[in-house]
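Numbering (UniProt numbering), first residue to last: 1 to 381.
We treat Cβ as the ideally placed atom computed from N, Cα and C, and that holds for glycine.
Computed from a predicted structure; not experimentally measured.
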């Protein structure tokens, strides 16, 4: 009886140990991701741009989507030079502070956008009291003061800055902006130098649209190599992802990811949105100076998307996220330019008054079906 009882106890102990082992395995098995930020954990940050409307009202339902699915934020407009320093020496940080404080309080990866951009720079930056162009020395001092003041204010809070935005044209030449007219190519070097001085720990980026264009690709590579040869700190290149159903090609976009990564910098997909609307002309990039008169034929989906268009939309987003995931070792961030379709700038550009559907969340903040497909796709990498 004693021997039988002992054997029984041994069998029972082995059985219990097995159960414990199975239990431990079940507990340690990773749960399937349910949100975008969980799906891309360990691969790259997933971000969204915040408009002034969201920055002023954190209680909107869209902010719940932001917290659930995204872990990086960038301000759509409120940190641009024309917003912060409309008149020389008069800095208005009210909205920028709100944006930064929200990001810090909610533990977001914060990107500053943008320090130097021709399009929304205040006129006084380039002119004297008589309206004439200032000297290179004066413009240099104004750039330095602006960057030192803005970057210095948010030192340690902003993880990376879009230092210069949209300075290279599609053919690879320099945009003939006032910065370029007065300072030549040196304005690029100076902007990055001043940003590094103001916060040596912040990452510094160059950001531009139509980056899959071969001419622009070559121009940006040449520009970055020139900075590197001069010992200028540049940590990343932002490829604005304003894409359509037919352009750019995945192949050309991938070529640019590889070309930029080969420079030893990180690559980011910035300002991502996918317009389903017909374009007045092919591959318009994102030059906000371009406006087209409203035509009904350019606004065909006011009541929602037909099934065939929705299918193309889903497939296109999946193709691009497959590309991002394939190169996740080279890409540090993918940022959507907005939270839901209703707040996208694509509803008003390049044709005002249109109804577009470019983002991953509907106007009522519900996730589009492709969101779950993207999450499932990420689990394969």
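Residue 361 in three-state terms, based on DSSP = Taking the first residue of the chain shown as 1, we reach residue 361 at position 361. In the structure shown, residue 361 sits in a strand (DSSP, three-state: E or B).
Taking only beta-carbon positions, decide if residue 343 is within less than 7 Å of chain D.
-> No chain D appears in this structure, which consists of one protein chain only.
Any idea which residues DSSP pairs residue 129 with across the strands?
-> Within the chain shown, the letter at position 129 stands for residue 129. BP columns for residue 129 are empty, so no partner.
Residue(s) in a DSSP beta bridge with residue 378 = By one-based count along the chain shown, residue 378 stands at place 378. Paired residues: none, contrary to the question.
Considering only residues of the same chain and omitting the five flanking positions on each side of residue 22, which have a CB-CB separation below 6 Å?
-> As a first step, residue 22 is located in the chain shown; it is residue number 22 there, counting from the start. Residue placement at residue 22 cannot be trusted, given a pLDDT of 44 that sits under 50; the coordinates are not used to answer.
Residue span of the alpha helix (DSSP H) that contains residue 148, given as start and end | As a working note, residue 148 is residue 148 in the chain shown. Run containing residue 148: 136-153, per the alpha helix (DSSP H) assignment.
Spatially closest choice to residue 369 from 311, 335, 350, by CA coordinates = Along the chain shown, one-based indexing puts residue 369 at 369. Minimum Cα distance to residue 369 is reached at 311.
Go through the region 159-234 residue by residue and report every complete run of the alpha helix (DSSP H) that reaches 4 residues or more, in order.
-> 178-183, 186-198, 214-229
In the region 46-75, which residue ranges form an unbroken beta strand (DSSP E) of at least 3 residues, counting only runs that do not cross its ends?
-> 72-75
Secondary structure of residue 87, DSSP reduced to three states | Position 87 of the chain shown, counting from 1, holds the residue named residue 87. Correct three-state label for residue 87: strand.
Residue environment, residue 236, which counts as buried when at least 16 other CB atoms sit within 10 Å | For the purposes of this step, residue 236 is taken as residue 236 along the chain shown, with counting starting at 1. Buried: at least 16 other Cβ atoms inside 10 Å.
Roughly how many angstroms separate the alpha carbons of residue 377 and residue 134, rounded to a whole number?
-> The residue labelled residue 377 in the question sits at position 377 within the chain shown. The residue labelled residue 134 in the question sits at position 134 within the chain shown. Going by the C-alpha atoms only, they are around 53 Å apart.
If you draw a straight line from the C-alpha of residue 275 to the C-alpha of residue 221, how long is it?
-> Locating residue 275 in the chain shown gives position 275, where the first residue counts as 1. Locating residue 221 in the chain shown gives position 221, where the first residue counts as 1. Near 27 Å, if we compare the C-alpha coordinates of residue 221 and residue 275.
Are three or more beta carbon pairs between the region 120-128 and the region 93-109 nearer than 8 Å?
-> no
Buried or exposed by the 16-neighbour rule on C-beta atoms within 10 Å, applied to residue 366 | Indexing the chain shown from 1 puts residue 366 at position 366. Classification of residue 366: exposed, given that the 10 Å Cβ count is below 16.
Please list, in chain order, all residues of the same chain as residue 39 whose beta carbon is under 6 Å from its beta carbon, the five residues on each side excluded.
-> Locating residue 39 in the chain shown gives position 39, where the first residue counts as 1. Cβ neighbours of residue 39 beyond the five flanking positions: 33, 375, 378.
Hey, how far is the Cα of residue 71 from the Cα of residue 270?
-> As a first step, residue 71 is located in the chain shown; it is residue number 71 there, counting from the start. As a first step, residue 270 is located in the chain shown; it is residue number 270 there, counting from the start. For residue 71 and residue 270, the distance between alpha carbons rounds to 14 Å.
Nearest to residue 317 (by Cα), restricted to the options 112, 216, 187, 371 | To locate residue 317, count along the chain shown from 1; it is residue 317. The shortest C-alpha separation from residue 317 is found at 371.
Determine the DSSP secondary structure at residue 24, reduced to helix, strand or coil.
-> As a first step, residue 24 is located in the chain shown; it is residue number 24 there, counting from the start. Here the model assigns residue 24 a pLDDT of 45, short of 50, so the residue's position is not dependable, and the following value carries that caveat. In the structure shown, residue 24 sits in a helix (DSSP, three-state: H, G or I).
Return the CA-CA distance between residue 79 and residue 234, expressed in angstroms with no decimal places.
-> In the chain shown, residue 79 corresponds to position 79, counting from 1. In the chain shown, residue 234 corresponds to position 234, counting from 1. Between residue 79 and residue 234, the C-alpha separation is close to 20 Å.
How is residue 251 classed by DSSP in three states: helix, strand or coil?
-> Here residue 251 corresponds to residue number 251 of the chain shown, with the count starting at 1. Helix, per DSSP.
Would the beta-carbon of residue 189 fall within 7 Å of that of residue 232?
-> In the chain shown, residue 189 corresponds to position 189, counting from 1. In the chain shown, residue 232 corresponds to position 232, counting from 1. Yes; because the gap between Cβ atoms is below 7 Å, this pair is in contact.
Bridge-paired residues (DSSP) for residue 116 = Translated into positions along the chain shown, residue 116 becomes position 116. Bridge partners of residue 116: 164.
Residue 171 versus residue 248 - alpha carbon distance = As a working note, residue 171 is residue 171 in the chain shown. As a working note, residue 248 is residue 248 in the chain shown. Approximately 16 Å, taken between the alpha carbons.
Roughly how far, in whole angstroms, is the beta-carbon of residue 160 from the beta-carbon of residue 202, given that I think they are within contact range, below 8 Å?
-> If you number the chain shown from 1, residue 160 lands on position 160. If you number the chain shown from 1, residue 202 lands on position 202. The Cβ separation is near 6 Å, so the contact holds.
Looking only at C-alpha atoms, which of 217, 139, 147, 215 sits nearest to residue 183?
-> Taking the chain shown and counting its residues from 1, the one referred to as residue 183 is at position 183. It is 139 whose Cα lies nearest to the Cα of residue 183.
Kindly confirm or deny that the region 253-260 and the region 318-328 touch, where touching means at least three C-beta pairs closer than 8 Å.
-> yes
Flag this pair as yes or no: are the beta carbons of residue 163 and residue 209 separated by less than 7 Å?
-> The count along the chain shown starts at 1 and reaches residue 163 at position 163. The count along the chain shown starts at 1 and reaches residue 209 at position 209. Contact flag unset, no.
Between residue 373 and the rest of its own chain, which residues show a CB-CB distance below 8 Å, the 5 nearest in sequence each way excluded?
-> As a working note, residue 373 is residue 373 in the chain shown. Around residue 373: 314, 318.
Would residue 47 pass as a contact of residue 266 if the rule is Cβ separation under 7 Å?
-> Numbered from 1 along the chain shown, position 47 holds the residue referred to as residue 47. Numbered from 1 along the chain shown, position 266 holds the residue referred to as residue 266. No; because the gap between Cβ atoms is not below 7 Å, this pair is not in contact.
Apart from the five residues on each side of it in sequence, which residues of its chain come closer than 6 Å, Cβ to Cβ, to residue 343?
-> Locating residue 343 in the chain shown gives position 343, counting from the first residue. Correct list, in chain order: 51.
Using only alpha-carbon positions, find the residue among 364, 295, 176, 240 that is nearest to residue 206.
-> Start at 1 with the first residue of the chain shown, and residue 206 comes out as number 206. Nearest of 364, 295, 176, 240 to residue 206, Cα basis: 240.
Could you check where the alpha helix (DSSP H) with residue 104 kicks off and where it finishes?
-> Counting from 1 along the chain shown, the entry for residue 104 is found at position 104. 94-105 is the extent of the alpha helix (DSSP H) around residue 104.
For residue 214, the nearest candidate out of 200, 227, 260 (CA to CA) = In the chain shown, counting from the first residue as 1, residue 214 sits at position 214. Among 200, 227, 260, the Cα nearest to that of residue 214 is on 260.
Would you list the residues sitting across from residue 273 in a DSSP beta bridge?
-> The count along the chain shown starts at 1 and reaches residue 273 at position 273. Beta-bridge pairing links residue 273 to 242.
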